[in-house]
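Reviewing the structure listed below.
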């Protein structure tokens, strides 16, 4: 509703300035080009990183100092705290990073956003950066048409940087030309009224342009050109904090639970910065004056950059002692009341922003699919949770309720199977070749799990049909059921025991494989004995051996899936090398 009213109104205001003042065209064009540059920079780093940003966030966020430092460095390099936030949200969704670490990175990202002000104040306003913008754009276009993702990403980054430089240049020229025809300082107000008006202007401007970096650039250029007073500029920056908070809240409305939690943390951070700036407005200004006099700083743009740094740094320092409490609070927030059984838990739209989150998410989704496949198999085979072996005397047929459960599991598994494959069908943009191979392997696992359910259903049908045969044949199919029961129960033990490390799991799996080999050898002996005792003929013996061999083959496939999903690849490689 706000956007429907605000954007037409904004359009009319822009149209008035463009038609009334020639210089306004340059300012508006500069803002537009600057925003285009920001979008190109974000897209470029998504392509160019090739997992670089993700690797940094994954490896160097295990402590508060590391996480804050990396959040600062990444936002300083990519000049976009929103890109950092997007990657963090995707990592949260795939459980690659803890919520507490994500909040630490967010704090560092907030500090990193201060570098935008320093770059503009030190270089953008003093150097004729438009001379550098054009060559950068030319090289950007050259790399943009490369077929390789990394070169294409580099092209986007260069285009973004060139457009940002060009946009600043246009804004600088526009404000200086505007001063010749219109002096905006005439509309300024002294005292608290003036500060309040510019506070509102800052909030609205940041909300409209949807970028705190862009609004900071506009204020700095306007201040350097003398179109806005120093104190009014500070009030505008403080208002921008509230504006970016509004943007964050609106953006989180359509996000997942982790996105909303992180947005809430960012809301608190911006709110603390705003309150700190309002309450200590004049003490901070006086402190900056003392620093400026000592270091002989005369530029209001540099002073404003110092204020922005103090504002962001103070909010982070104030928030750090309460982080544990804040994390505990937001972990309990935004928990959906009703959760669909088949809805993907670790893959969503935010996962598409990072190949690492897709790789981790699809493996976790396959683990969920596999564990529910094991439950479905137990229902089909009527495996009791308490007993290891099927009682030979229990020939009771399945009840209608069990048939219903079987259908529910079959339908649910099919839906989850389809959702995983549907997601992966369009989740291949900007993914490195190595990650694509991993994802392709996980696709194979997804399909394999569902196909195994069909095989379990077929073998269960054979077990049911054995009830119409003589006692000796029924006993062999009870034996077949016991083989599958032993395998499923042992696999459940391996994956549910949290004390097992990868080496323990491999040892247990090898023990199970040896047991299955022994049971396979025993099958031939059992069947031969029945033939010798003339309890079965050659045709029946062939059918029994074929069905039991198929059950053992299924068990071996289950073991392979267990290894793929629950044992790290590095451990597997070490095991292969040891055996070689």
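Residue numbers (my numbering): 1 to 580.
From the three backbone atoms N, C-alpha and C, an ideal C-beta is built for every residue, glycine too.
#1: For residue 271 and residue 246, I'd like the C-alpha separation in whole angstroms.
#2: Tell me the residue span of the alpha helix (DSSP H) that contains residue 540.
#3: Among the residues of its own chain, which have a CB less than 6 Å from the CB of residue 531, if the five just before and after it don't count?
#4: Since residue 490 is in the alpha helix (DSSP H), which residue starts that stretch and which ends it?
#5: Please list the terminal residues of the continuous alpha helix (DSSP H) segment that includes residue 321.
#6: Ends of the alpha helix (DSSP H) at residue 523?
#7: Is residue 158 near residue 174, with beta carbons less than 7 Å apart?
#8: Within its chain, find whatever has a CB closer than 7 Å to the CB of residue 529; leave out the 5 residues flanking it on each side and keep chain order.
#9: For residue 244, which residues in the same chain have their Cβ closer than 7 Å to its Cβ, ignoring the five residues on either side in sequence?
#10: Tell me whether residue 9 is buried or exposed, calling it buried when 16 or more other Cβ atoms sit within 10 Å of its Cβ.
#11: Among 382, 568, 352, which residue has its Cα nearest to the Cα of residue 426?
#12: Would you tell me roughly how many angstroms separate the C-alpha atoms of residue 229 and residue 416, rounded to the nearest one?
#13: Quick one: is residue 42 buried, meaning 16 or more other Cβ sit within 10 Å of its Cβ, or exposed?
#14: Is it true that the CB of residue 552 sits closer than 7 Å to the CB of residue 527?
#15: Indicate the three-state DSSP secondary structure (helix, strand or coil) for residue 280 in the structure shown.
#16: Using only the alpha-carbon positions, how far apart do residue 505 and residue 99 sit?
#17: Grouping DSSP H, G and I as helix and E and B as strand, with all else coil, what is residue 455?
#18: CB-CB under 7 Å to residue 76, same chain, minus the five flanking residues each way: which ones, in chain order?
#19: So is residue 15 buried or exposed if we call it buried at 16+ other beta carbons inside 10 Å?
#20: Over what stretch of residues does the alpha helix (DSSP H) that includes residue 100 continue unbroken?
#21: Could you say which of 493, 498, 556 lies nearest to residue 519 if we only look at CA atoms?
#22: Buried or exposed: residue 470, going by 16 or more other Cβ atoms within 10 Å of its Cβ?
Let's see:
#1: Their Cα atoms are separated by approximately 10 Å.
#2: Unbroken alpha helix (DSSP H) run through residue 540: 538-566.
#3: Closer than 6 Å at Cβ, skipping near neighbours: 541.
#4: Annotation for residue 490: the continuous alpha helix (DSSP H) segment containing it runs 471-496.
#5: Unbroken run through residue 321: none, as it is neither H nor E.
#6: 502-532 is the extent of the alpha helix (DSSP H) around residue 523.
#7: Residue 174 is positioned such that its CB atom lies no closer than 7 Å to that of residue 158.
#8: For residue 529, where only same-chain residues beyond five positions count, there are no Cβ hits under 7 Å.
#9: Here the set comprises 206, 212, 270.
#10: In this structure residue 9 is exposed. Its beta-carbon is surrounded by fewer than 16 other beta-carbon atoms within 10 angstroms.
#11: The residue with the shortest Cα to Cα distance from residue 426 is 352.
#12: Taking the straight line from one Cα to the other gives about 59 Å.
#13: Counting of Cβ neighbours within 10 angstroms places residue 42 among the buried residues, the total reaching 16 or more.
#14: Cβ atoms of residue 527 and residue 552: not closer than 7 Å.
#15: In the three-state reduction of the DSSP assignment, residue 280 falls in the coil class, being assigned neither a helical nor a strand state.
#16: Spanning the two alpha carbons is a distance of roughly 29 Å.
#17: Residue 455 sits in a helix when the DSSP states are folded into three classes.
#18: Here residue 76 has 112, 115 as same chain residues with Cβ atoms under 7 Å from its own Cβ, once five neighbours each way along the sequence are excluded.
#19: Residue 15 should be labelled exposed.
#20: Per DSSP, residue 100 is one residue of the alpha helix (DSSP H) stretching across 99-112.
#21: Comparing Cα-Cα distances from residue 519 to each of 493, 498, 556, the minimum goes to 556.
#22: The residue in question, residue 470, is exposed, as its Cβ has fewer than 16 Cβ neighbours within 10 Å.
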